[in-house]
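Residue numbers (our numbering), protein chains in the order written: chain A, 1301 to 1489; chain B, 1301 to 1489.
C-beta atoms are modelled at their ideal positions from N, C-alpha and C, and glycine is treated no differently.
Data block below; observations after.
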DNA sequence: CATCTATATAGATGTATATCGAATGAGAAG
DNA sequence: CTTCTCATTCGATATACATCTATATAGATG
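In structure tokens, the structure reads:
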């Protein structure tokens, strides 16, 4: 779908997929540091540190402040926390696939009703509600079954009105209750 | 400090730092898929898909279910969401640096009082409280100054008792109020 | 302007890895 | 047992990139 989301995520994860850069983030967690300080702490040459800082900067993870010749780098912790929270929610990951997979409409429904990891609301339309309910059913992976408390716990991650969701899922025969234990129907593959 | 945290984060971010694997996650967001389906959707050979799935599995991002010869892969969304939330909080990133930087004690204090992105409590000890307050001061990067509401907003990300934090920071001369606007003291570099 | 200091850029090199075709494994079906 | 299907493992290749030395920029200082 959204080629832009993909590029942003790639930039973000690539910046973090390196041992040296993670160590740098560790050092920058407590305070800002100059290129020289980082080079000394990590036992690397300064050009190498510059190279890594450029990648972190490009990904929007650090900021720079000059003081004379010295460049002080600091974590952009607002961006860091906010983005790491939103990076892998359904709302985001849905945008990572093209529609060649044939389920374009379902993806759109899911995309429309998710805000981050949470459901905006339970769709009023029966067809759209079915899409959401099927997606929720896929979050129950155990063949062993779940107690009602466990069911509520999982559903609660996505919406406050767990009772409605649970009732609707039973009605749609996505889960069934027997002797106080809920079982998921085998995937319709 | 913790070599294990580093290895785990590296595994996680490396798994996500590839365009093809992000596209796979996009496809798996809606439903489980077989290796063949993924290969078709992404226009790649099956060995390539296997290779990528192995990496995602190693990082604990997907699970596998066999049905005859067919292997169905699904997102481990619990692990995905939980971990992406905790991955880059101060509590975690503090563990990424060795103590060669000379601020071992400060790091320990920060590590002790952070749970994820939140402060467990405001340290009673004056010295430890000073460490926390200095760290908080570094979250204010603008030279332009902040309104009281903005100060509360930033502090509120870390602890509920923003009034105490704000008062203590003024007392420690880390921020100062003039005409309703708060300014941060220049970093003690 | 000349010089010194802290970074950044360029170019070179070695290692890591994404991808493929070929070979191998492991259920299902005849 | 043989064959077929779906998947994984192996070996080869080509590209990406982390690191280095050498060179260039840019602010501070004489």
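A straight-line Cα-Cα distance of about 25 angstroms links residue 1345/A and residue 1317/B. Nearest to residue 1348/B by alpha-carbon distance, out of 1357/B, 1359/B, 1360/B and 1335/B, is 1335/B.
Note on geometry: alpha-carbon atoms of residue 1485/B and residue 1342/A lie some 29 angstroms from one another. Every beta strand (DSSP E) stretch that sits fully inside the region 1427–1489 of chain A and reaches 3 residues is listed by chain position as 1475–1478 and 1481–1484. Contact annotation: the region 1457–1476 of chain A touches the region 1420–1434 of chain A, with at least three C-beta pairs closer than 8 angstroms. Between the region 1387–1405 of chain A and the region 1347–1365 of chain A, the count of C-beta pairs closer than 8 angstroms stays below three; the two stretches do not touch. Around the Cβ of residue 1417/A, a 10 Å sphere holds 16 or more other Cβ atoms; the residue is buried. Following the DSSP letters along the chain, one finds residue 1346/A inside the alpha helix (DSSP H) bounded by residues 1346–1358. In the three-state reduction of the DSSP assignment, residue 1386/B falls in the helix class, which pools H, G and I.
The region 1408–1423 of chain A and the region 1378–1396 of chain A touch, with no fewer than 3 CB-CB distances between them shorter than 8 angstroms. Proximity of chain A to residue 1417/B at the Cβ level (cut-off 7 angstroms) is accounted for by 1381, in chain order.
Taking 8 angstroms as the CB threshold, residue 1413/B stays off the interface with chain A. In this structure, the CA atom of residue 1327/B is about 8 angstroms from the CA atom of residue 1338/B. When the alpha-carbon of residue 1478/A is set against those of 1461/A, 1445/A, 1464/A and 1331/A, the nearest one is in 1445/A. For residue 1348/A, the closest Cβ of chain B is not nearer than 8 angstroms. Check the Cα spacing between residue 1332/A and each of 1468/B, 1441/B, 1482/B and 1452/B: the tightest is with 1441/B.
Counting the other CB atoms within 10 Å of its CB gives residue 1381/A a total of 16 or more, which places it among the buried residues. If you look at residue 1342/B, you'll find it in the alpha helix (DSSP H) that goes 1335–1342.
Proximity of residue 1450/A to chain B, defined by a Cβ-Cβ separation below 8 angstroms, is not satisfied. Among the CB atoms of chain A, none fall inside 8 angstroms of the CB of residue 1479/B. For residue 1319/B and residue 1370/B, the gap between their C-alpha atoms comes out near 25 angstroms. If the five residues before and after residue 1406/B are omitted, its C-beta is found closer than 7 angstroms to the C-beta atoms of 1431, all from its own chain and listed in chain order. The beta carbon of residue 1456/A is closer than 6 angstroms to those of 1462 in its chain, skipping five residues each way along the sequence. For residue 1424/A, no alpha helix (DSSP H) encloses it, and the DSSP letter there is neither H nor E. Using a CB distance below 7 angstroms, the part of the region 1438–1449 of chain B facing chain A consists of 1438, 1439 and 1441, ordered along the chain. Below the 8 angstroms Cβ cutoff, chain B contributes no neighbours of residue 1423/A, its closest Cβ being approximately 16 angstroms away. When DSSP states are grouped into helix, strand and coil, residue 1395/B belongs to the helix group. DSSP places residue 1315/B in the helix class (H, G or I) of the three-state scheme.
Judged by beta-carbon spacing, residue 1374/B lies beyond the 8 angstroms limit of residue 1385/B, meaning their Cβ atoms are not closer than that value.
At least one C-beta of chain A is nearer than 8 angstroms to the C-beta of residue 1407/B. Sixteen is the threshold: since fewer than 16 other Cβ atoms of the shown chains lie within 10 Å of the Cβ of residue 1425/B, the residue is exposed. DSSP places residue 1361/B in the coil class of the three-state scheme, outside both helix and strand. What residue 1403/A touches in chain B, judged by beta-carbon distance under 7 angstroms, is 1330, going in chain order.
Under DSSP, residue 1414/B takes part in a beta bridge, and its partners are 1419/B.
Interface criterion not met: the Cβ of residue 1308/B is under 8 angstroms from no Cβ in chain A.
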